[in-house]
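To keep things clear, I will list the structure first and then write my remarks on it.
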Amino acid sequence: MNFSEKLQQTLGKSIKDAANEEIYAALLSTVKEAAADKGRNISAIGRKVYYISAEFLIGKLLSNNLINLGVYDEVRELLAANGKDICEIEEVEPEPSLGNGGLGRLAACFLDSIATLGLEGDGIGLNYHLGLFKQVFENHKQKETPNPWIQNTSWLTDTEIGFDVPFKDFSLHSKLYDIDVTGYENGTNKLHLFDIESVNENIVGDGIAFDKNDIRENLTLFLYPDDSDKQGELLRIYQQYFMVSNGAQFILKECEEKGYALEELDKHVVIQINDTHPSMVIPELIRLLTARGISMDKAIEIVTNTCAYTNHTILAEALEKWPVDYLEAVVPHLMPIIRELAARVAAKYNNKDVQIIDEWNRVHMARMDMHYGFSVNGVAALHTEILKDVELKPFYDIYPEKFNNKTNGITFRRWLMHCDKKLVEWMDKYGVGEFRKDASKLEGLLAQIDNEEALNALLDVKQQNKTALKEYLEKESGVVLNDNAIFDIQIKRLHEYKRQQMNVLYIIYKYLDIKAGNKPKRPITMIFGAKAAPAYIIAKDIIHVILCLQELIKNDPEVAPYLQVVMVENYNVTMAEKLIPACEVSEQISLASKEASGTGNMKFMLNGAVTLGTEDGANVEIHQLVGDENIYIFGESSDQVIEHYAKSDYVAADYYINDADIRKWVDFIISPEMMKIGDVRTLLEIHAELIQKDWFMTLLDVKDYVQTKERVFADYEDRMSWAKKMIVNIAKAGFFSSDRTIAEYNRDIWHV
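Count along the sequence shown starting at 1, add 7, and that's the number in the working numbering.
Next up, the structure:
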């Protein structure tokens with residue numbers, strides 16, 4: 008029985024007569040069955056990787072699974088023959104609320120590639136019921152509401168597996184739910200998500216407020232609960248320990264069931280620690296091994312040879328440090344092991360910068376990972392060099408053999424084959440069909456660089472995608488885009504280092520320029536998508552400024568025909584899949600040295616956008632691949648920025664005082680026009696922040712940014728030249744396949 012026959016059997020009625028919800032439920036069930044029939048990926052050498060992460064931003068799964076199972080076209084045609092549109096069926100599916108930003112999206116891409124390469128490897132995380140939050144805009148401000156996603160019809164499968172997780176004053180019994188991870192034309196793996204039976208979504212009050220002390224009911228409610236107070240920090244520790252204790256117990260259970268001796272755990276298991284949230288897996292595994300009779304020395308040796316750590320950040324704030332008192336209050340049974348690990352480091356090294364427990368009695372999670380793991384990797388070439396030379400230099404001096412780079416990647420199944428089908432059709436027409444299994448084959452597109460027919464067809468694909476975005480946004484939110492405008496897009500977490508505020512200053516520059524009578528050759532549409540962490544006040548203030556500018560420009564008849572600002576609500580994977588194919592200018596404008604890698608830059612590049620960015624993160628490698636003519640680089644270099652920090656010689660006020668243009672742009676934030684729309688206090692605070700602090704050096708680079716962006720828009724008018732830039736970017740994007748990244752992880756770290 009083929010997939011279509013199974014689908015119709017599961018549905019139990021004709022497709023024509025079925026509601027979209029019924030068809031979705033039947034598809035989900037049939038996909039689950041097909042994934043099971045595919046069989047699990049099994050290592051030929053009895054070795055498995057476990058990828059532990061606080062978040063997995065997996066996106067909707069229906070179409071992705073249909074593509075990986077090789078039945079997408081079959082299902083689309085079957086539905087169409089019965090008067091149904093697969094896109095409407097896809098809209099029935101809720102997006103899982105299991106991730107937030109690049110960290111979680113990377114984890115999802117990696118799971119896809121691990122399965123596609125036929126490697127035996129599973130993800131381990133938590134089953135958050137309400138996610139980060141659902142973002143709504145009220146009075147030009149972000150408001151947070153719960154984002155429930157779990158329905159009776161779900162990709163989650165109850166395994167009936169559970170473990171007891173001990174805390175200081177009580178224990179919690181877990182429930183394990185699995186989600187199938189299908190490989191493209193290969194076997195399946197699993198994403199293991201741990202939950203508690205007693206979780207209670209009804210304890211959430213106004214917005215996303217809830218009792219942080221009620222661990223038995225709140226533990227798996229939210230991803231990254233507000234940690235701006237002690238209760239929030241303690242809840243984070245509860246969550247992290249619950250994740251790693253379950254993960255460690257599950258790993259040992261699987262090993263014992265396979266008949267492996269735990270003394271040889273490191274021969275059969277590799278644990279990839281994705282950022283610092285899962286770091287307590289190291290002492291927890293040691294605890295569990297010693298409880299089974301293995302000596303402390305041997306347990307430490309085994310765990311050190313089993314665990315590998317991926318560093319995702321250069322920001323010190325993101326390298327977690329927990330007060331010893333907090334850990335004693337939550338997991339006192341772990342502290343003797345952490346103290347033992349710290350003591351061994353202290354006995355060997357007298358450098359305070361490498362101690363696990365510092366002079367303020369805080370436990371440094373990343374330091375524990377680096378001492379008691381066998382690999383430390385950065386996620387872009389520049390990032391890894393900064394780690395080795397600056398941020399983690401004391402550790403590189405001790406363990407040079409542990410450090411390696413693994414430049415991030417993206418799965419082309421979702422970010423090309425699923426979300427940009429028009430572009431795939433264009434690729435197939437011009438002869439690079441092999442890219443589905445080998446992304447490097449995209450280089451073959453360079454043969455079309457002087458083919459005017461291919462160039463015009465590529466421009467037409469982009470225009471169709473812009474029109475599709477226009478129709479989608481109008482239907483979903485009532486926003487009407489001008490699809491003849493140039494689409495300039497910045498979508499990513501709202502953070503000062505990503506510098507959405509610099510984009511704001513460009514908008515102000517352009518608004519004032521148009522008011523002065525200087526009309527652009529072509530309308531410009533600036534699109535933002537971003538959530539700000541609930542307790543991150545400055546980030547929420549930046550959103551407020553963007554929304555005020557959106558309102559101001561929309562209602563100004565002199566400017567609105569030439570400039571549009573749109574901030575999409577509740578930016579997520581589903582929205583990204585609509586925005587990225589339509590993008591023409593990709594904003595990657597973080598302060599050089601601050602973005603570890605970025606993956607949005609890769610998705611935009613793959614879909615034919617041209618990058619406007621700093622020499623930061625993976626932008627550096629994009630620049631090297633496409634050449635100076637096919638990317639727009641501005642701003643000071645990472646070396647210059649690092650020197651500014653070292654010398655403390657950047658003073659934002661000097662730029663504000665000494666440059667009349669900068670002063671005019673910054674002051675517009677508190678102009679009468681803006682004050683009439685926005686919250687006066689918020690606007691005053693952002694204005695003061697830019698002048699008095701500006702920790703991420705917006706005013707340092709803004710003039711160069713404005714000038715470079717104007718050059719981008721001027722160059723856009725040479726349509727054939729722009730199409731050639733598009734082809735080069737697409738052709739060179741093959742390097743950024745997560746299949747390549749995972750092959751490198753396996754070659755250098757995992758060996759599964």
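Here a beta-carbon is modelled for each residue, glycine too, at the ideal position from N, C-alpha and C.
The model shown is predicted, which means the values in this text are computed figures rather than measured ones.
Assigned with DSSP and collapsed to three states, His275 falls in helix. With a cutoff of 8 Å on beta-carbon distance, Val361 and Pro401 are scored as near each other.
Counted as a single uninterrupted DSSP element, the beta strand (DSSP E) harbouring Phe201 occupies residues 195–203. Between the region 328–336 and the region 608–622, the count of C-beta pairs closer than 8 Å stays below three; the two stretches do not touch. When DSSP reads this structure, Leu559 sits in no beta bridge, so it has no partner. Under DSSP, Tyr58 forms a beta bridge with Gly130, Gln279. Taken through DSSP and simplified to helix, strand or coil, Asn159 comes out as coil. Residue state for Ala336 is assigned as helix, using DSSP reduced to three classes.
By DSSP's assignment, Thr532 forms a beta bridge with Phe494, Gln571. With distances taken between CA atoms, Phe535 lies nearest to Leu501 out of Ile515, Leu501, Leu519. C-alpha of Ile677 to C-alpha of Asn207: approximately 44 Å in a straight line. By the neighbour-count definition (other C-beta atoms within 10 Å, threshold 16), Pro588 is a buried residue. Distance from the Cα of Val735 is smallest, within the candidate group Tyr662, Tyr518, Ala461, for Ala461. In terms of Cβ geometry, Asn637 and Lys732 form a close pair [threshold 8 Å]. Tyr31 and Glu481 have their C-alpha atoms roughly 25 Å apart.
In the DSSP assignment, the residues bridged to Glu151 are Gln142. Between Leu228 and Ala750, the CB-CB gap reaches or exceeds 8 Å. Taking a contact as a CB-CB distance under 8 Å, the pair Phe63 and Gly106 counts as one, their CB atoms being some 5 Å apart.
Between Arg506 and Leu598, the C-beta spacing is below 8 Å. In the three-state reduction of the DSSP assignment, Leu68 falls in the coil class, being assigned neither a helical nor a strand state. When C-alpha distances from Asn510 are compared across Leu449, Ile321, Asp435, Val573, the shortest belongs to Val573. Take the alpha-carbon of Asn368 and the one of Ala349: they are about 11 Å apart. Taking 4 residues as the shortest admissible run, the region 698–756 contains the following complete alpha helix (DSSP H) segments, listed from N- to C-terminal end: 705–723, 726–739, 745–752. Excluding its 5 nearest sequence neighbours in each direction, Asp708 has C-beta neighbours in its own chain below 6 Å: Gly642, listed in chain order. The Cβ atoms of Ile549 and Gln595 do not sit closer than 8 Å to each other. 8 Å or more divides the Cβ of Val673 from the Cβ of Leu690. Here the C-alpha atom of Ala540 lies approximately 14 Å from the C-alpha atom of Asn579. For Pro173, the enclosing beta strand (DSSP E) begins and ends at 171–173. When Val82, Arg688, Ile203, Val352 are compared, the shortest CA-CA separation from Ser178 is found for Ile203.
For Ile131, same chain residues with a beta-carbon under 6 Å away, outside a window of 5 residues either side, are Tyr57, Ile59, His199, Gly254 in chain order. Of the other Cβ atoms in all chains shown, 16 or more fall within 10 Å of the Cβ of Trp729; this residue is therefore buried. Partner residues in a beta bridge of Glu97, as assigned by DSSP, do not exist.
Residue burial is scored here from C-beta neighbours: Pro290 has at least 16 other C-beta atoms within 10 angstroms and is therefore classed as buried. Comparing alpha-carbon positions, the option among Val719, Leu389, Leu137 lying closest to Pro232 turns out to be Leu137. Ranked by Cα distance from Thr532, the options Ala603, Ser11, Tyr479, Cys590 are led by Cys590. A residue is called buried once 16 or more other Cβ atoms fall within 10 Å of its Cβ, and Arg112 is buried on that count.
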